[in-house]
Structure formats: C-alpha cells, structure tokens
C-alpha cells in the first residue's frame, strides 16, 4: 500500500499540473517572487559595486587628470578676471589723464618701497629721458600722491605724502587752511627705519584755526597752491578727526589720504611746462 501511494502522489501532482497548469504556475511564481526579488536586489548591489570598483581602477588616472585640468582652468579664470580688472582700472586712469589740462606722463610703479607702509616712497619706471625732473608733482585719479625726489635716466623716486619730510599747503574750502605733513607711521623696530612691521597713520594737518568749523568725514582737504610747489585744487584727502589744540589760536587735525599707494599700479607725473598751475614753480 505504501509503495502504491509513493507512485500515486507523483502521478496526481503531474495530473494537477497538466490540468490546472496556469494556476499552479502562477501560485509557484508568486511563492518564489519575494525570494527572487531579494536575490535580484542583492545581485544588483554586488554587480554595481564590482562595476564601480572596476571603473575606478580603469578610470582613476583619467579622473585625476580631469580634476587637475579643472583646477588649472579655474586658476586661469581667476587670473583672467584679475587682469581684466587691472586693465579696466588702467583704462579708467588713462581716460582721466586725457581729460586733464596739465601735461601728464604715465608712470608704471616698479616698487612700492618694500611693502605696505614700510618705506613712504615709490619707484617709477620713468625718468629724465621722459622729461621727468625733481620736484615734479605725482598724481592719480583719486588725488595727490607726492613729489619726485630723485631721478635717473629711466627711473624716479617719489616722496609720498606720508613721508615725514612732506609739507603741503592745504585748504578746506571756506573753512580753514593749514599745512599737511607726513607722519610716516609707527615703526616697531628698536632701530628706526629698519622695521618690516610698520603701521601707517593719517596725515597731520597743522596750524589750523582753533575756531574752524571742522566736520570729520564730511570735508575734503585740497592743495591750497601757495608757494608754487603744488598746483591748486588737488585732492589730498578727507578730514577724519580733530586731533588737538596746540595753542590758544591753533589746532591740529587728522586727514585720511585720498590715495592708497599700495593699491596703485600706475601714476601720472605732472612735468614742467604744464598748464593749470605748474608754471608757477
């Protein structure tokens, strides 16, 4: 009997599969689906990771080269932007110079004197061969820079307004007159003049009427023009503070220069024979 059942059961299963094949196959497929789905997801994950690892091995050097090239292109774009800004600034300065009555010689700056405020002088790439001489006034579109102190055939040294030897007759129109002097700044070295750590300070406007109506940050200081050293009307800077009273009649004030020499790339020298005030020198 048991032997008959062993044969009968497989026969019945085959008959059921043949008679209701579609239903049975659907039941079997549905029963297998969760396992197949899990198996397929696992195979996919393994396959993707293996493929990514293989691509990394094959394409790694090329990707590194691409990243290096992208960095190089970004650097070139930054440099192009910087050059474009410098060119725009130069065009603006040259346009300003063309509109001036005085005869101006464009002068590239060769040296800023060793860094920010370390030495209050500039070295220019123009000299006697370009008609530049000692005492010539140096300007920028923003205002007065200083005066030529020394000249060679093709270079010149400019004494800036911050130089302690600088003296400029100045006026706040309709308010006061005075003398703007360079303070050079604070030298942090034990030996004067040898420090690389140097803090520039505002210019000092001395011999100002004590009763003058000074208004910090609202008044522009100009060259007064007396003495013939500087033409009249050049911008020196802006009054930033009343410093102190030096006597019963006089006071001092601080003036922020209109020009920051450390930011300049080119200046203009007003050579002798120019109109608008230079002839008086």
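Residue numbers (this note's numbering): -11 to 269. All C-beta atoms in this analysis are idealised placements derived from N, C-alpha and C, irrespective of residue type, glycine included. As the structure is a prediction and not an experimental result, all values here were calculated from the model.
Collapsed DSSP secondary structure at residue i in the structure displayed
| i | result |
| --- | --- |
| residue 237 | coil |
| residue 244 | strand |
| residue 226 | strand |
| residue 134 | strand |
| residue 217 | coil |
| residue 122 | coil |
| residue 80 | helix |
| residue 143 | coil |
| residue 60 | helix |
| residue 158 | strand |
| residue 252 | coil |
| residue 66 | helix |
| residue 192 | strand |
| residue 71 | helix |
| residue 15 | Annotation note: pLDDT 46 at residue 15 (below 50); position unreliable, no value reported. |
| residue 116 | helix |
| residue 153 | coil |
Endpoints, beta strand (DSSP E) assigned at residue i
| i | result |
| --- | --- |
| residue 166 | 164 to 169 |
| residue 109 | 109 to 112 |
| residue 92 | 92 to 99 |
| residue 199 | First-last for residue 199: undefined, no H or E at that position. |
| residue 210 | 208 to 211 |
| residue 259 | Unbroken run through residue 259: none, as it is neither H nor E. |
CB of residue i within 8 Å of CB of residue j, strictly
| i | j | result |
| --- | --- | --- |
| residue 246 | residue 225 | yes |
| residue 255 | residue 95 | yes |
| residue 156 | residue 148 | no |
| residue 227 | residue 207 | yes |
| residue 80 | residue 129 | yes |
| residue 243 | residue 202 | no |
| residue 100 | residue 110 | yes |
| residue 127 | residue 93 | no |
Nearest-angstrom beta carbon gap, residue j and residue i [assumed within contact, 8 Å]
| i | j | result |
| --- | --- | --- |
| residue 125 | residue 258 | 4 Å |
| residue 154 | residue 170 | 4 Å |
| residue 270 | residue 158 | Lying outside -11 to 269, the shown extent of the chain, residue 270 is not represented and no answer is given. |
Chain D contact for residue i (CB, 8 Å cutoff)
| i | result |
| --- | --- |
| residue 243 | Looking at the structure shown, chain D is missing, and only one protein chain is on hand. |
Quick check: the region 61 to 71 against the region 231 to 242, are there 3 or more CB pairs under 8 Å? no
Taking contact to mean 3 or more Cβ pairs, one atom from each stretch, closer than 8 Å, check whether the region 81 to 92 and the region 131 to 146 are in contact. no
Assess contact between the region 139 to 146 and the region 196 to 213, defined as three or more Cβ pairs (one per stretch) separated by less than 8 Å. Is contact present? no
For the pair the region 113 to 120 and the region 199 to 213, tell me if three or more CB-CB distances fall below 8 Å. no
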